[in-house]
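Top to bottom, those sequences are chains B and X. Count the first sequence with the UniProt record's numbering and you get residues 1 to 325, in order. Count the second sequence with the UniProt record's numbering and you get residues 1 to 498, in order. The beta-carbon is built from N, C-alpha and C at its ideal position, and this holds for glycine as well. Below: the structure, in structure tokens.
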Amino acid sequence: MSITRKLVTGAIFATGLTAISAVTASAAECIAPADPGGGWDFTCRTVGRLLTDLGIEDSSVQVTNMPGGVGAVAFANVAGKRASEGELLVATSTVGVTQIAQGKYPGGVDVMRWVGMLGTDVGVITVPADSEYDSIDDLLDALKADPTSIPVAGSSGAGGWDHIRLLMLADAAGMSGEDYKAIRWVQFDGGSPAVTQMLGGQVGAVSTDLGEIAGFVESGDIKILAALSDEPIPAFPDAPTAKAQGYDVTGYNWRGFYTGGDVSDADYQAWVDKLKALYDTAEWKEAAEGNGLITVWRGGDEFETYVAEQAQQMEEISRSIGVIQ
Amino acid sequence: MDILTSLMGGFAVAVTPLNLALAVFGCFAGTLIGALPGLGPVNGVAILIPVAFAMDLEPGSALIMLSCIYYGCMYGGRISSIMLNIPGDEPAIMTTLDGYPMAQRGQAAKALGISAVASFTGATFATLGLTFFAPLLAKAAIHFGPADYFALYVMAFATIGGVTGVNPFKTLLAAVLGLLLASVGLDPATGTARFTFGSFHLYDGFDPIVAIVGLFAVSEIIMYFESHATSGAGPVKLGRALPRLREMFEGYGAALRGSVIGFICGVLPGAGASLGAFVSYSTEKQLSDKDGTFGTGDPRGIAAPEAGNNAASGGALIPMLTLGVPGSGTTAVMLALLVSLNIQPGPLLFERQPDLVWGLIAALYLANVVLLVLNIPMVGIFTRLLSLPQWLLMPIVVMVSFIGIYSISHSTFDLFVMIGFGILGYGLRKLDFSLVPVVLGLLLGADMENNLRRALSISGGEFGILLQSPIALVIYGFTALMLVFSFGIAMRQRPGAG
């Protein structure tokens, strides 16, 4: 394409953006319940673009950003006004299910139909490379001896998924609820800020998703004490899993979609099939791996059950640590 | 010289006809977007990311276009501050303090000229810092902990009383109001909802840009209705359409000092451009406002915050590129952009993708020069804005504000919030309150609170941690010095100005 054509295309596209959103009500739409730039926005935009590029979806997928309440605004909007719209997908992840489990959305998981997940980020427990802790045993033993001795940081607030994953490990290590509640938890606006503060010596360990902080592992600044996955992470086969060290804990942060609760079985199944078709392409694998995700598929009924179980498990943990009464 | 070779390589990437065309387009579009009230770098870059994809650009070219838009927006934000007394984006609020009074005196072109040169100075200073010291600075910034950031915000709020010329007591009261508004929403540390009255729309608190547009633009309309019904507002004098060359360099010393302060704020990932502009302005005022001319159109009062805000946004690229830590909303969008282009910022970026990084840095130098050249003749276009009759200008400003705010989140709720802030702004103006401290409270309050909470989480609730870090102690010492200094000035001025 020539320069002028590229510029013209760009200009037309820009002016068309606003018009499109008003006109094409019947075309497929993906709601990213966050501002542009976050993980949910990435899920919608990448999946939407690939569905169209690969011809799985005829027309382009319109991405709408609907930020607010960690997804609660979009959830309320779909439940209240658009529950039967078969053309609609909403991006979500483990973080959204945590919010639901803690009663922070207007409704439970049964309000929506859960379409499928296409990939997942893996939770890791990391310490600086020169840390005295060499295994998850070392860290957990130190916390057992004195829960307040090591401040731990992550990208979520107390009771968020990063925090809960750490407490699941503490629980598996035999710490009592009273004890692991005393662990000092520090919230930052993302995994990288948390790691940066750890390298500056402000906190002792970080519990968060691997994707965002993989660069610090590769550069040798930090080391993974435990990967919270069933199998070793492909990119870091040497990083031991928590399971291999005797703690039966996994902590995935999957990326997937739900749609309205009144969507017909046919429309629901059509989305499940389309997402499965996308999952099977090399293009999706490349896009996902480029963003630090591991490709995993769960769709349809299997995914419904998985989400319901996860929500229940989180509710129990949240209750035991006093995040909900 | 390793760096120079790499930089030359970067220029070789950046200076192709396509990339140059994209740079000019990006700078022009960015300035326009930045100039519109409510549309700042965050939505400018966010809106144009899909354009970069639609044009099927190489990652390097997309990066050049979008970083030019980013810098262009930072330049453009000052224009509506000066012309309309409505900040184009968050960091541009400090520019209203002296920029608008100068424009009212018929020297709009001079104000725009000074701010263009100051913006160029700040941005170039930051880009030089990025070129030569990026890895080093990133290593230093790591040692800033939550307690140190908290000290930085304490310094900002300690000097707030002296920032606007009017009654310091009212200024403090306005800042407290801003801090109160900042506490609305989910508490980041525990996720508890505060002052949300059960509405999910309030979970994320008030978006500062919505508050700014409401407080400044919407209240301006209400004021206009009122003055029109009674006396009729006097038109702003136009003066020269283009600034004299010598005028543009007034306040150059202030621009240099502002660049240094802004750059430091930018490099610290917990600070950012708004704090950079604010601290540059308040420091400059403490240092050189001996005749009490700040707030009435002092050139130094324009140069310092403009240099500060542009140096900070350039400096913020350092932690973003080398650590993957965005210092502000704008760099967060840039980070998202890089990730969507399959570039993972972090400690390995300079080793892994040197072509892209050096191409980007070369593009930033390019953007600065293009923006300076583009902005001098464009001053004429913008000064003509003021010659539009108020009955025509005001409705256009309102329309643009509504569209701008709606385009951010597609939320009608935000529009109502904006109108609410407009009514609040009208009431505050009637009571002779300055609006700037309200916005500063809202803008910086959340970060100040977050860092306090983090420090206390680390210490397990012990307040002693706030005074244990040497960095924090230095900042507190500096704050005390500034306070003593400004009290001294106030005492000397008292007999005359009052």
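Within its own chain, the residues whose Cβ lies closer than 8 Å to the Cβ of X:G178, once the five positions on either side in sequence are excluded, are P437, V438, V439, L440, G441, L442, L443 and G445, listed in chain order.
In terms of Cα proximity to X:P87, the closest of X:D289, X:P41 and X:D447 is X:P41. The DSSP-derived three-state label of X:T159 is coil. The continuous beta strand (DSSP E) containing B:I125 extends over residues R113 to P128.
Cβ neighbours of X:P345 within its own chain (closer than 7 Å, five residues either side excluded): M320, L321, G324, L335 and L338. With the criterion set as a beta carbon lying under 9 Å from some beta carbon of chain X, the members of the stretch 133-163 of chain B are T148, P151, A153, S156, G157, A158, G159 and G160, in sequence order. Under DSSP, B:G154 takes part in a beta bridge, and its partners are B:Q187. If the five residues before and after X:A14 are omitted, its C-beta is found closer than 7 Å to the C-beta atoms of I64, G359, A362, A363 and L366, all from its own chain and listed in chain order. Burial check for X:E284: the Cβ neighbour count within 10 Å reaches 16 or more, so the residue is buried.
In the three-state reduction of the DSSP assignment, B:L89 falls in the strand class. As for any alpha helix (DSSP H) of minimum length 4 sitting wholly inside the stretch 101-159 of chain X, the runs are 108-141 and 146-158, ordered along the chain. Scanning its chain for C-beta atoms nearer than 6 Å, with the 5 sequence neighbours on each side dropped, one finds around B:Y279 the residues L118 and W297, in chain order. With a cutoff of 8 Å on beta-carbon distance, X:H201 and X:F413 are scored as near each other. Rounded to the nearest whole angstrom, the C-alpha separation of X:M74 and X:C265 is 16 Å. For B:V186, the residues of chain X that pass the 8 Å Cβ criterion are P146, R454, S457 and I458, in the order they occur in the chain. 8 Å or more divides the Cβ of X:L215 from the Cβ of X:L393. For B:N253, no CB of chain X lies under 8 Å from its own CB, so it is not counted at the interface with that chain.
Under the three-state reduction of DSSP, X:R246 is assigned to helix. Taken in chain order, the members of the stretch 181-206 of chain X whose beta-carbon sits within less than 7 Å of a beta-carbon on chain B are P188, A189, T190, G191, F200, H201, Y203 and D204. With respect to B:G200, X:G145 sits close: the two C-beta atoms are nearer than 8 Å. Residue-level contact check: B:G215 touches chain X, since one or more beta carbons of chain X fall below 8 Å from its beta carbon. Secondary structure within the stretch 214-262 of chain B: the beta strand (DSSP E) runs of 3 or more consecutive residues, fully enclosed, are 222-227 and 252-259 (chain order). Between B:G260 and B:R113, the C-beta spacing is below 8 Å. Contact check for X:A303 against X:A118 passes: the beta carbons are separated by less than 8 Å.
Any Cβ of chain X closer than 8 Å to the Cβ of B:D110 would place that residue at the interface, and such an atom is absent. In this structure, DSSP gives B:T295 an extended state, which the three-state scheme calls strand. Looking at the backbone, the Cα of X:G427 and that of B:M175 are separated by about 56 Å.
Rounded to whole angstroms, X:L152 and X:L136 show a C-alpha spacing of 21 Å. In the three-state reduction of the DSSP assignment, X:S288 falls in the helix class. The beta carbon of B:Q310 sits closer than 6 Å to those of V97, all from its chain and outside the five residues before and after it, given in chain order. Secondary structure note for B:E316: its alpha helix (DSSP H) is the uninterrupted segment G300 to S320. Contact between X:G205 and X:G185 holds, with the beta-carbon distance rounding to 3 Å and staying under 8 Å. With fewer than 16 neighbouring CB atoms inside 10 Å of its own CB, X:V474 falls in the exposed class.
In this structure the stretch 109-117 of chain X does not lie against the stretch 48-68 of chain X, because fewer than three pairs of beta carbons, one per stretch, are closer than 8 Å.
Note that the C-beta distance between X:G99 and X:I82 is below 8 Å. Against chain B, the CB of X:G324 has a partner CB under 8 Å away; the residue lies at that interface.
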